[in-house]
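**Student:**
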Amino acid sequence: MIVYFTGTGNSRHCARLLARELGEECRDAAEFLREGKPARLRSQKPWIFVCPTYAWQMPRVFEQFIREGEFAGSDQAYFVMTCGSEIGRAWENNRELCIRKGFSCRGTLPVAMPDNYILLFRAPGREEAERMVRQADTRLQAGARFIREGKDFPPVPAAALDGVKSGPVNRLFYRFQVRAEKFRATESCVGCGKCARLCPLGNIRMEEGRPHWGDRCTHCMACLCGCPTGAIEYGRATKGKERYHFPGPEEE
Ligand SMILES: Cc1cc2nc3c(=O)[nH]c(=O)nc-3n(C[C@H](O)[C@H](O)[C@H](O)COP(=O)(O)O)c2cc1C
Ligand code: SF4
Ligand code: SF4
């Protein structure tokens, strides 16, 4: 079974592509996260966890979801991590997570996709995004062959400072960067509630036609990039920047 977490749709696209390739069921972790309920799932086929990369690790909220959930049946686990460019040593943490869960770790496949973190960077334009997605699709098809043939994913090549990025920098990122306080809806807000429906953590509530952000935010960018009128800003960091969501028909 494929279980995914997504903010802006890249990882959902990858999960659905793998589901088609492998004839597998596909579940969105947000079904459980929004309700604050642990997963209770069963599969006789390997678990395939698909998620974005946040500061060179899997999102903490998804790691906690796997740690606290019940995944019965198969004891094999593959990880597919979409990323703007690199996952650092996230594969090592995934392996440790498998030990805690009693899974046999079959490896981590990094898949480069358009970078959605527009608080710090600019997302690529549509043409470049579509080119990246075509490349990602080829990589995922190759990944599906490993799974079909019961093989481990190949080892992730090492890059400079991987340990520092996935270790101390990741911790600093969560401590100082990941906050919801700076989100606000401008006067372009039409009160449609889409941001609240898109938040995978149920962190946004609508009051008198306006969104209010709680303190469970993980900076997934779903609300900011999914608002149909571009009304959401994060302090001054997002002013004038193109929003990003997966450039295909699978947005919601
Ligand atoms: C909070 C945050 C942190 C990110 N950190 C990294 C990173 O460390 N390395 C990287 O290559 N991409 C990073 N990205 C980019 C995303 O991993 C990438 O765009 C991913 O495909 C988004 O997936 P989604 O559309 O399923 O949410 C980050 C994005 C966000 C929102
Ligand atoms: S999605 Fe945008 S327009 Fe709709 S309620 Fe949220 S901020 Fe307002
Ligand atoms: S509040 Fe917005 S950025 Fe934060 S988790 Fe929800 S959708 Fe993602």
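Numbering-wise (this note's numbering), the sequence shown opens with residue 273 and increments by one. Virtual Cβ for every residue (Gly too), placed ideally from N, Cα, C. From a predicted model like this one, the values you see are computed outputs, not experimental measurements.
1. Kindly indicate which residue of K454, D434, F321, I504 has the alpha-carbon position closest to the one of C298.
2. Where do the ends of the alpha helix (DSSP H) carrying W485 lie?
3. Could you name the residues of the same chain whose beta carbon sits closer than 8 Å to that of Y276, not counting the 5 residues immediately before and after it, in chain order?
4. Could you check what DSSP says for S315 in three-state terms: helix, strand or coil?
5. Closest by CA to S527, which one among D409, V333, S460, A349?
6. Output the distance between the C-alpha atoms of S223 and M353, rounded to the nearest integer angstrom.
7. Here's the rule: buried if 16 or more other CB atoms are within 10 angstroms of the residue's CB, otherwise exposed. What is E524?
8. Drop a sphere of 10 angstroms on the beta-carbon of H393, count the other beta-carbons inside from all chains shown, and report buried for 16 or more, exposed for fewer.
9. Any heavy atom of ligand 2 within a distance shorter than 7 Å of the CB on I504?
10. Could you work out which residue in G397, K513, Y389, E368 is closest to R339 when comparing CA atoms only?
11. Between the alpha carbons of I419 and S357, how many angstroms are there, rounded?
12. Please give the ranges of any beta strand (DSSP E) in the stretch 348-429, keeping only runs that are unbroken, at least 3 residues long and fully inside the region.
13. Do you know offhand how far V436's Cα is from W328's?
14. Indicate whether L473 and G498 have their beta-carbon atoms separated by less than 8 Å.
15. Near ligand 3, which residues have their beta-carbon closer than 5 Å to a heavy atom?
16. With DSSP run on the structure shown, which of helix, strand or coil describes V462?
**Tutor:** Looking at the coordinates:
1. Of the listed residues, the one whose Cα sits closest to C298 is F321.
2. Annotation: W485 is outside any alpha helix (DSSP H); the continuous beta strand (DSSP E) that includes it extends over 482-485.
3. Residues of the same chain with a CB within less than 8 Å of the CB of Y276, apart from the 5 flanking positions on each side, are S283, R284, C286, A287, C298, R299, D300, A301, F321, V322, C323 in chain order.
4. If DSSP states are grouped into helix, strand and coil, S315 belongs with the strands.
5. Since the first and last residues shown for the chain are 273 and 524, residue 527 lies out of range.
6. No answer is possible for residue 223: it lies beyond the span of the chain, which begins at 273 and ends at 524.
7. Interpretation of E524 is limited by its pLDDT of 48, a score under 50 that renders its predicted location unreliable; no figure is taken from the coordinates.
8. The sequence given here places Phe at residue 393; His does not occur at that position. Label assigned to F393: exposed.
9. Set against 7 Å, the gap from the CB of I504 to the closest heavy atom of ligand 2 is smaller.
10. Considering only G397, K513, Y389, E368, the residue with the shortest C-alpha distance to R339 is E368.
11. Rounded to whole angstroms, I419 and S357 show a C-alpha spacing of 23 Å.
12. DSSP runs (the beta strand (DSSP E)) wholly in the stretch 348-429: 348-355, 376-384.
13. If you draw a straight line from the Cα of V436 to the Cα of W328, it is about 10 Å long.
14. No. Outside cutoff.
15. With 5 Å as the limit, the residues whose C-beta approaches a heavy atom of ligand 3 more closely than that are C471, L473, N475, C489, T490, C492, A494, C495, in chain order.
16. For V462, the secondary structure class from DSSP, reduced to helix, strand or coil, is coil.
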